[in-house]
Each structure stands twice: as C-alpha cells, then as structure tokens.
Amino acid sequence: MKKLFISIIFLGFVYTLIGQDRFSKVQITIVEITPQLFMLQGSGGNIGIFTGEDATIMIDDQYAPLFWKLKTAIRRIADHKVRYVINTHWHGDHTGGNASFAKDGAIIFAHENVRKRLSTDQFNKAFNRTTKATPKDAWPVVTFTSDMKLHINGEDIGIIHIEHAHTDGDAFVYFSNANVIHMGDTFFNKRFPYIDLGSGGSVAGLIKAVEKALMIVDEETKIIPGHGELASKSDLKMYHEVVNTVYNEVKEAFESGKSIEEIKAMGITQKHKGWGSGFISDERFIDIIWTDLDRN
39 MKKLFISIIF LGFVYTLIGQ DRFSKVQITI VEITPQLFML QGSGGNIGIF TGEDATIMID
99 DQYAPLFWKL KTAIRRIADH KVRYVINTHW HGDHTGGNAS FAKDGAIIFA HENVRKRLST
159 DQFNKAFNRT TKATPKDAWP VVTFTSDMKL HINGEDIGII HIEHAHTDGD AFVYFSNANV
219 IHMGDTFFNK RFPYIDLGSG GSVAGLIKAV EKALMIVDEE TKIIPGHGEL ASKSDLKMYH
279 EVVNTVYNEV KEAFESGKSI EEIKAMGITQ KHKGWGSGFI SDERFIDIIW TDLDRN
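Per our numbering, the sequence shown starts with residue 39, numbered consecutively.
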C-alpha cells in the first residue's frame, strides 16, 4: 500500500511538470445536478460524478495532468474516492486520467472498442496525427459489446452502446431514477460536433444516436454533453435540428455533383451563427460531412 501511494505521488509530480504550461491555470468547476450527481468541467470533456453510500462513480476523466485537481474537487462532493470510471469513448480528453485513477484503485468500464483503441496506436487522417497506445493501466478492465447495467447507490445505471456515431465505442450513461444522462461526444451543446470518421464514427450514425437519446429523455431530464453547458431536451432538439439540417443540405449538394469548394461557398452554415466557434469550425464540419459522404 505504501509503495502504491509513493508511486501515485511520483506520477502526480511528473504529470504536473509535463502539464504545467497547459494545465496549471485550469480550474475545476463543479455543477450540482442532484445531491448525488455532479458535472465537473475543466479542460477536455465534461465529467459526471455520482456518489452515495456504496461508491463514487466517475464518467470520463479528462487529461492525465489534471488528476490531482480532479481528485481534490471530488473530495469536496464525495465521501469515497472513485471506485468506478466509465469511459464514454476512447479520446484522450475523456480517458487521459484512466491510468492515474486506476492506480488509485478505480475499475474502468468501457465498450470493447475503447479498450482496442487505447491499447494500440491510432492514426487520425483528418489531423495527420498518430496517438500512441496508452499504458496498460489506462485500459478498461470491464468491457461490453452492447449494453449493461450497474445497480449502485440505490440507482439503476444504464450504459447504452451507440454504434458508429462519434466513434465506434460510444456509450450513453443513463441514471433512470435521477433522470440524468451523460451523452459523451455524441452531443456538443450549441456547437458543431467532431465526428471521428477514422475511429468508426459517421454523421448519419451520430444523428441516429441523438434520435435515440431523444426517445429516452423527457422535458425534465438533465443532459451532460461531451462539451458545453448542462443541457435540457430542448437543447438536444435544437442540436439535432441543426446537425440534421446541415447534413441534409450538404448531402443534397454532394449528390448533385457539387465539389467541396462549391458546397463551402453556398453558406449552408451561416444561418447557424456561433455553432462553428468551438473546436469544429463551419468549414471543418462541412469537410467532415463531405468526407463521410465521399467514402460511401
């Protein structure tokens, strides 16, 4: 136990040095959803924390250098350290803390494809970048291929696999009693989404994922998006309308024989002002849609 504690301290020190420029000024914000459920925001994907008598569960864990800041924030709202981590997909801004939380005693759950992608090098053609395989400690140890349920803290937690949406390993995490759902990166609130085509994602699949979520939620549901502020069903409806409209307009132009340059010049996204101000600009979103259509 002493050896493990020393290794965690050393790992934290190394991560602090590595990430001091990028992450030193990051503040972890805690948003209370219910007395047991919280959304944490810092740098990277939104985190869900569910805590109670039995255990503390974490949904996604941002970047490795933020481990100690996240651990400190969790201490403010939970009596237990994190016992379970659920990854909504494999990207580093949602899984970067896996190894540190695993070394701190957490068990990691994710879709089987998340484990496959974390354990092998991944090349992203869109960004011309290779992501090296993560250390074994970061790999999920409990995996699923469809759906699964956890029954903890008096809650029924559904982990629902979504096929070929943002990636090929996406999952919703739905707290049925609390009426709260974490949608991972299938939902970018009030901004265009990033769809990782090279990791099995597809635009049509993402739209279907949102339609599935709209069948689950009601007007009272609190929705944790992968990025953006805590949302409601009306926010999710707007997201679906915008993404679906842009997709269909680009698809129609593509099928009529227009080039990517001609489609960009049409101003399809101009009526959705501000939606391209995030990670994915107006032009890049059209690029993603066009590339997806062109490969099919």
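Glycine included, C-beta positions come from ideal geometry on N, C-alpha and C.
Beta-carbon within less than 6 Å of residue i's beta-carbon, same chain only, minus the 5 sequence neighbours each way: which residues are those?
| i | result |
| --- | --- |
| Q160 | T169 |
| A171 | S157, T158 and D159 |
| N151 | D206 and G207 |
| L75 | F88, A216 and V218 |
| K41 | Note that K41 scores 44 on pLDDT, short of 50, meaning its location in the model is unreliable and no value can be drawn from it. |
| H310 | V280 |
| I95 | F88 and Y122 |
| E293 | none |
| V211 | I97, I124, I197 and H220 |
| L188 | I195 |
Starting from residue i, follow the alpha helix (DSSP H) in both directions and report where the run begins and ends.
| i | result |
| --- | --- |
| A137 | N136 to K141 |
| K260 | Here K260 belongs to no alpha helix (DSSP H); instead the beta strand (DSSP E) covers K260 to I262. |
| Y277 | K271 to E293 |
| V152 | E150 to L156 |
| H6 | An answer regarding residue 6 cannot be provided, because it is not within the stretch 39 to 334 covered by the chain. |
Using a Cβ-Cβ cutoff of less than 8 Å, which residues in the same chain neighbour residue i once the five nearest sequence positions on both sides are dropped?
| i | result |
| --- | --- |
| I145 | R121, Y122, V123, V179 and V180 |
| I324 | V284, V288, I298, I301, K302, I306 and T307 |
| N84 | M77, L78, D98, H220, I262, P263, G264, H265 and G266 |
| K275 | L252 |
Starting from residue i, trace the beta strand (DSSP E) in both directions and tell me its first and last residue.
| i | result |
| --- | --- |
| I245 | Taken as a continuous stretch (DSSP letters only), I245 belongs to no beta strand (DSSP E), being part of the alpha helix (DSSP H) at V241 to I254. |
| H189 | D185 to I190 |
| L78 | L75 to Q79 |
| G196 | E193 to I200 |
| D131 | It is not in any beta strand (DSSP E) - D131 instead sits in the alpha helix (DSSP H) that spans G130 to T133. |
| I219 | V218 to H220 |
| R167 | R167 to T169 |
Determine the contact status of residue i and residue j, defining contact as a CB-CB distance below 9 Å.
| i | j | result |
| --- | --- | --- |
| S214 | D194 | yes |
| D99 | G134 | yes |
| A203 | K163 | no |
| V248 | Y285 | no |
| I97 | F105 | no |
| H118 | G222 | no |
| I318 | F230 | yes |
| V281 | W328 | no |
| T224 | L244 | yes |
| H127 | A209 | yes |
| T141 | D175 | According to the sequence as given, residue 141 is Lys; it is not Thr. Going by C-beta atoms, K141 is nearer than 9 Å to D175. |
| H199 | F226 | no |
| F314 | E321 | Looking at the sequence shown, residue 314 is not Phe but Gly. In contact: G314 and E321 (Cβ atoms closer than 9 Å). |
| L17 | I66 | This structure cannot speak to residue 17, because the chain is shown only from 39 to 334. |
Between residue i and chain D, is there a C-beta pair that is closer than 9 Å?
| i | result |
| --- | --- |
| H204 | Looking for chain D here will not work: only one protein chain is present. |
CB-CB under 7 Å to residue i, same chain, minus the five flanking residues each way: which ones, in chain order?
| i | result |
| --- | --- |
| G50 | Model confidence at G50 stands at a pLDDT of 48, short of 50, so the residue's coordinates are unreliable; what they give is reported in the following sentence. Counting only Cβ-Cβ distances below 7 Å, and skipping sequence neighbours, we find F105 and W106. |
| E91 | N191 |
| S81 | F61, V64, Q100, Y101 and L104 |
Could you work out which residue in the options is closest to residue i when comparing CA atoms only?
| i | options | result |
| --- | --- | --- |
| Y232 | F165, Q308 and S272 | F165 |
| N263 | A251, E257 and K309 | The residue you asked about is not Asn; residue 263 is Pro in the sequence shown. Out of A251, E257 and K309, A251 has the C-alpha closest to the C-alpha of P263. |
| I68 | A116, A93 and D273 | A116 |
| K296 | D332, K275 and K271 | D332 |
| K228 | S240, A111 and S270 | S270 |
Minimum length 3: unbroken beta strand (DSSP E) runs contained in the stretch 84-111: 85-89 and 94-97
In chain order, which continuous runs of the alpha helix (DSSP H) of length 4 or greater are located wholly inside the stretch 297-323? 298-302
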